[in-house]
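Contents: one structure, followed by commentary.
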Amino acid sequence: MSNKDGKKSTTNTNPPSDKNPKKQLEGESYIGDFPIVFLVSLVFCSVIAIWGAIRPHQMTSVALSATSFMLQNLDWFFLSMSTFLVALCLYLAFGKYAHIKLGGPDEKPEFSTISWLSMLFSAGMGCGLLFWGVAEPMFHFMSPPTIAAKTSEAARAAMVITNFHWGLHAWGIYAISALILAYFGFRKKKPYLCSTPIKEAFSGKYVEHVCHTTDVIAVLSVVFGVAGSLAMGVLQLSSGLNTSFHIATDSTFFYLGILVFITICFMISASTSLDKGIKILSNLNMSVAGFVLLFVIFAGPARFILEIFVNTLGDYATNIVRMSFHLYPYEGLQDWSSSWTLTYLIWWIAWGPFVGIFIARISKGRTIRQFIIGVLFLPTLFSILWFSAFGGAGFFIEIFGSGGLGELVQEDVTKALFALFDYYPLTLTLKILALFSIFVFLVTSADSATFVIGMMTSHGNLNPSTKHKLTWGLVIAVLSASSLLVGGIEVSKAIAISGAIPFSMILLLQIVAFFRILRTEKESS
Amino acid sequence: MQKLWISFIIFFVIGCQEPLKIGSKPFSEQLILGEVIAQLAEHEGVAVKRMIPYGETRDCIQGLTSGQLDVYVEYTGTGLMILGQPSLHDKEKAFTIVQKQFAEIDVHWQKRLGFANNYVLVIRRSQAVSDGIENIANLANLSSLRISCDLDFTKRPLDGLAAMLRRYGLKTDNVIIEDDKSAMYRALLNGEVDVAIGYSTDGQIDAFDFKVVEDNLHFFPVYEAVPVVNKSALTKYPKLQSTLEKLENLIDEKTMRSMNRQVELEGVHYRDVARQFLRENKLIPNDKKGAKNKYKNLVFAVENLDELSGAAGKAQQVIHKVFRGRHLKLERCASPRKALIDGKARIALMGAESFFDINKVVQNRKKGIEAVAAVGYKMCHVVMRKDHSFQSFSDIKSIATDEKGTGSYTMAQVLLKAFQLEDKVKITTGELDESFQKLQQKEIDCVVLLLPQKHARLTKLLEKDLYKLFSLDEWKKLNFQFRFPFLRLSRIPKDTYLGQNIPIETLSSQIVLAGPAKKKEFLGDAGPATAIYNKAQPLSNLSILTLNKQLQNEELDPILPVAKILQSQTKKRVTSISSYESSLANMLVIIAIIYLIFLFLKEESIDEANEAS
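Here it is as C-alpha cells:
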C-alpha cells in the first residue's frame, strides 16, 4: 500500500506546499496562474451576488421555488437518504472497517480529544444552538403536528422532534462527508477536495468535468452558506444588543458596523495557523457555552430539566426508528415536514462540504470507530442535554410559571434566548455571555470557512496561503454586507439551500466511490 | 445583584436579629400591599421575612396576636366585624373605634394608606350616559335591573344584597351569582347584566371604563386599608413606625385600581408592581433597569375612538387571558392596520373595511394582515342637523369625519364614491367634538362616523337634541355590493339614541381582531427558514383558537382574509391524480439512484488511479 510510507512521501499528487503555491501539478487545470476552480467559483459568486443585489426578490424566488419544489416532491428521497447515512455510520463504526485509521498506522491525533470535540461542535452547530435552543422546542410545543398544543404530550413530542432535527441525522450527514474526505486525505494522501473520491474511484472521459463541477458547487455552497449565516448572526447580535442594552440597533449602519468588526476579527484569526486561532477560540467558546448551559440548568428548574433529559433520552431512543421514516402521507402534513424536517436536513447537507472538510481536516490519526463516536454520538448527546436545558426551562415557565414565552417566540425568534434569560438571576451577565458566544461562533465559522475555501481552491493544500484565505474572507464579508443592504438574507440563504440539492447527489456519488476504494482495502489487508 | 449585596450588608449590620415577619391575605391587592411594605422595610434596613400570602382574615389576626406575624394590612370594616361591632359608613369614626379597641389587645393600627375597598355598584358607562344614572337611587328608573354579584354578598344580613334592595327600594329582574370576578365583569361588558357588585379597587373598573354608581344614601360600610402591627414588633424594630408612616395617604383608589389591574389583567408580577410603585414615589432608588423587559410588551392597537367599554374592552379582556405572561400595552392610533404592518403592534382591532383598498375595483384585498376573531359590528352613522333639508345624500356639499386612516374616513370615502360626489364634496377631518360644533354652525353638512352602536361619546353628543341620523335608503339602489363587499345592509333599531323614533337604514362592517399574515413563503410556513425573514410571524394557531373560544362570537365575515386555522377544513379534491413535474423529478432521482447502485456494483479492475499511485 502506498500509504505505508505515509509521512515522508512526497509524490506528485500531494498538495503544493505553502512555499511554492504556484507550482503547477499534473492533471490539474490552470488558467494563467490561478487554478480553474478558484476562478470559476469567483466568477459565479460575483454573478449571483450582482443578480441578488439588483433583483433580490426575483433571485430569491427563483432559487427558493426550485428548492421548495424539490423538498415537497422528493421528501421521501431526502429523508431516506439521511436515514441511510446514519445507518452507514453505524455500519462503519461497528462493522469490519471500524479499525481503519485515518492516517498512517503510527499517526497520532493532531489535536487533543477535548479540542477536537469543541472545534467540530463549534463548526457544526454553534450559533444555531443558541438561536434555536429555546425557540424550537417552544415552537413545537405551541404548534405540534397531529397532537393538541400545550399539552404534556406536545412537550414530549417537541423534545423528540427537536432532537430528531439536531441529533443523529444532522451529524450523520456531517460524519459521512467528513469521513470520506479524511480517509482520502490522510490515509490515501490524496488532495483534499470534494472531487478526490470521484477522481480516485472512477475513470472515464467525463470524470474531470464532474470533478470540477463538484468543486465549484462545493465552494459556492460554502461561500453562500457562511455569508448567509454571518448576516443572520449579525441580526441576532443586534437584537441581543437591543434587548440587553436598549440601543436602537436596527439600522443598516449599525449592522454594517458589527459586520466590519466581525470581519476584522476573523481575518486576524484566519491569518494565524489552525492550531492557534480556531483552536483557542473554539475552546474558549465551548467553555462559555458550557458555563451558560450549567447555569441554565442549576439556577433554573434543575430537577425538571434533568427529568426532561432522561425522559428525552428514552423517548428519542424509542422513537428514532419511527421518526427516521416518518412522513405524513395520510394526514396531508407534507407542508409541515417540508418546512421543518426537510429544511433542516437540506440545511445540514448545504453545510456538509464546509463542516465536512473542516472536521476531516482536524481528525487526522483517529480510527473510523473513534471518529464516528466523536462526530455522531457525543454531539447528539450534548445537543439533547442542551435542548433539555433551554427548552425545558422554557416549558417550565410556560407550564408552571407566568407563561408568555411561547407567543413571544412566535413573534420574534431572535429574542427567544434573551427573553428566557429575563427569568434568571444575573440576567445581564448571561446576556453578555450569550452575545459574546454568538460573536465568537460567528468568528470561528467565518474563519473555518475561509480556511476550507482556501483549501478547496488551492488543490487541497492542507495549509492554504494567507493571501488565499483573506481573499475569500473578503468575498464572504462583501456578500453578507450586500445581503444586509438589500434587506434580505434570503438571497444568500436561498443560494445555500439550492446548492444543497445537487450536492446531495454528489454526496451519494462520493459514498459509492468511497466504498469502491474501501473494499479494495479489505482485500489488500 | 445589587439586592444581594444590600441584603448581605443588612445581615452584617443587624447581626442575628430576627427578621420582620410580613403577612397578607391571599388576593392580589393584599399581595401587592404586603410586598410594598416588605420592600420599603428592606430599603430602610430592616431584615424581612415574607409570609405572603399568610391566610384568610382569621388566620392573619390570630397570627398577629400570637406573634407569628408582625405586620399586615387590614380593613377598618373588617376590624369592626372582628370586634363584633356594627359596621359604619363614617370612616373617621370607624377608624377611631378600631384603633382604640385593638390597642387593648396589643394590636396597633397605623396611619391609613389612603383608599377604601368598599362594595360598589358598577355599570357600563354607555348606559350611565344614555339612561342618566349617577347614583344608586337612579337605578330605580331602569326598565329592567339585572344584577351580578358574588355568593357572599347575597348572604350578608346587614350590608348584603337584600338589605341594599330594601334600602334603595329597588326591584331586580334577575340576580346572577358569579364568584369569578372576571366572569362577573365580562357579563356586565357583554350586556348580560346591568349592574355588577364589585369592590372599589377592582382593576377592571378602569380597564374597561366602567362607571361606579354613587352610594347616595350612605348604605355601604367603609373598609379603609390600614397596616396593623403587633406591639412587640414596634419595640423590636424602632424604625417600623416611621417606615409605615411614609405610606400614609399615598395610595388612593385610582392607584390601587391600576396596581390591581396590572396584576390581575396584565399578568405583571405583584413584586414588580410594588417595586414600580415605590420607585414612582421615590421611596426606593430608581435603578437603570426601568426600561427592562420592554419587549415583553404585547402591543394591541385600536383606533382613537374605540372605547374600552365597548368592543375594544371586550377584546382587551380576552387578549389578557390568552396572552398570559405578556404585558399588554394599548396603543391608540389612527390606523391600527398600519401599526400592525409596520410591526409596531402585534394584534389590532379594526373594521372589515381596513382589509380593502377601496380605490381598486378588483383584487382590492390588502396584504400582510389576516383576521383572527370577530368581536362585533360597527355601523355607519351619518349625522346631520336636526333641521336639515337634504332629500338625498347626493345633495350634501361637505363632510366631516375622523382622521385619515380610520374606519370613519374610509366610510366617508366609500359614500362619496358610491354617490359619485368625489369631485364635488370636500372631506374635512378633525376631533369629534370639533366636527359636531362645525355641523351645528352650518360649516359642514354632515358628519360620517363608522362606530359601534351606542358608542358612549357619540350617544352623549346626540343627546344634545341638535342632530339627527340620516337614513341611507338610497344605498340599495346603487348596487355597490360587489365593489364594497365588506359593507352589509343593516338598521339601527329605533330608540337606540335619544329622540330616534324610527329605525335608521344604514351599513355595517364587522369589527375583528387581526394579526400579521404570512408572506409568501417558499419553504413552508414555519420552520427554520422563517428565521431568514426576520419578520413577525402570524399569531400561533393555539392563540387564535383560544381567542375565538373566549370571545364566543359569531364567525368571521367570509370575505375577509381569515387565518388558515379558521378556514373550513374541507379538503380540496384533486381533479387529476398525477402531476407530471413531480413524477418526472421522482423518476430522475430513482434513475440516479439505480445508476449509483450500478456504479457501486460494477466490477472494474482495481482502480487505475489507485494503481497509479
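These protein sequences, in sequence, are chains A and B.
Using our numbering, read the first sequence as starting at 1 and increasing by one per residue.
Using our numbering, read the second sequence as starting at 1 and increasing by one per residue.
In this text, a Cβ means the ideal position worked out from N, Cα and C, and glycines have one as well.
Cβ pair residue i, residue j closer than 8 Å
i: Ile384 of chain A; j: Leu306 of chain A; result: no
i: Ser482 of chain A; j: Ala49 of chain A; result: yes
i: Gln316 of chain B; j: Phe300 of chain B; result: yes
i: Ser269 of chain A; j: Ser122 of chain A; result: no
i: Asn230 of chain B; j: Asp59 of chain B; result: no
i: Ile357 of chain A; j: Val443 of chain A; result: no
i: Pro561 of chain B; j: Phe355 of chain B; result: yes
i: Val234 of chain A; j: Ala446 of chain A; result: no
Sheet register partners of residue i (DSSP bridge)
i: Cys265 of chain A; result: Cys265 of chain A is not bridged to any residue.
i: Thr506 of chain B; result: B:Ser490
i: His57 of chain A; result: Per DSSP, none; premise fails for His57 of chain A.
i: Pro227 of chain B; result: B:Val73
i: Lys426 of chain B; result: B:Ser398
i: Val122 of chain B; result: B:Ala196 and B:Val212
i: Gln562 of chain B; result: Here residue 562 of chain B turns out to be Val, not Gln, going by the sequence shown. Note: Val562 of chain B sits in a beta bridge opposite B:Ala371.
i: Glu331 of chain B; result: B:Ala301
i: His108 of chain B; result: B:Val229
Neighbour flag for residue i against chain B, beta carbons, 8 Å
i: Arg516 of chain A; result: yes
i: Phe245 of chain A; result: no
i: Gln410 of chain A; result: yes
i: Phe441 of chain A; result: no
i: Gly404 of chain A; result: yes
i: Glu208 of chain A; result: no
i: Glu26 of chain A; result: Confidence in Glu26 of chain A is poor, its pLDDT being 42 and thus under 50, which makes the residue's placement unreliable; the coordinate value appears in the next sentence. False, the Cβ-Cβ gap to chain B never drops below 8 Å.
i: Phe295 of chain A; result: no
i: Leu509 of chain A; result: yes
i: Met286 of chain A; result: no
i: Pro74 of chain A; result: Note on identity: in this sequence residue 74 of chain A is Leu, with Pro being the wrong assignment. Yes, contact with chain B.
i: Glu307 of chain A; result: no
i: Ser251 of chain A; result: no
Cα-Cα separation between residue i and residue j, rounded to whole angstroms
i: Gln236 of chain A; j: Leu168 of chain A; result: 27 Å
i: Ala302 of chain A; j: Thr214 of chain A; result: 48 Å
i: Glu603 of chain B; j: Val207 of chain A; result: 18 Å
i: Ser239 of chain A; j: Leu259 of chain A; result: 14 Å
i: Thr546 of chain B; j: Val512 of chain B; result: 15 Å
i: Thr65 of chain B; j: Asp173 of chain B; result: 46 Å
i: Tyr174 of chain A; j: Pro379 of chain A; result: 11 Å
i: Leu92 of chain A; j: Pro191 of chain A; result: 23 Å
i: Arg326 of chain B; j: Leu220 of chain A; result: 43 Å
i: His140 of chain A; j: Pro493 of chain B; result: 48 Å
i: Arg385 of chain B; j: Lys25 of chain B; result: 57 Å
i: Ser616 of chain B; j: Gln72 of chain A; result: Because chain B here runs from 1 to 613, residue 616 of chain B falls outside it and cannot be looked at.
i: Asn285 of chain A; j: Ala416 of chain A; result: 21 Å
i: Leu556 of chain B; j: Tyr377 of chain B; result: 11 Å
i: Ile161 of chain A; j: Met411 of chain B; result: 49 Å
i: Lys111 of chain B; j: Gly77 of chain B; result: 15 Å
i: Val318 of chain B; j: Ser258 of chain B; result: 18 Å
i: Ala157 of chain A; j: Pro137 of chain A; result: 9 Å
i: Phe153 of chain B; j: Leu278 of chain B; result: 34 Å
i: Leu485 of chain A; j: Ser251 of chain A; result: 10 Å
CB contact check: residue i to chain A, cutoff 8 Å
i: Phe27 of chain B; result: no
i: Gly325 of chain B; result: yes
i: Gln262 of chain B; result: no
i: Ala187 of chain B; result: no
i: Val562 of chain B; result: no
i: Asn541 of chain B; result: yes
i: Leu596 of chain B; result: yes
i: Phe600 of chain B; result: yes
Assumed close pair residue i, residue j - CB separation to whole angstroms, cut-off 8 Å
i: Cys45 of chain A; j: Val355 of chain A; result: About 20 Å; that fails the 8 Å criterion.
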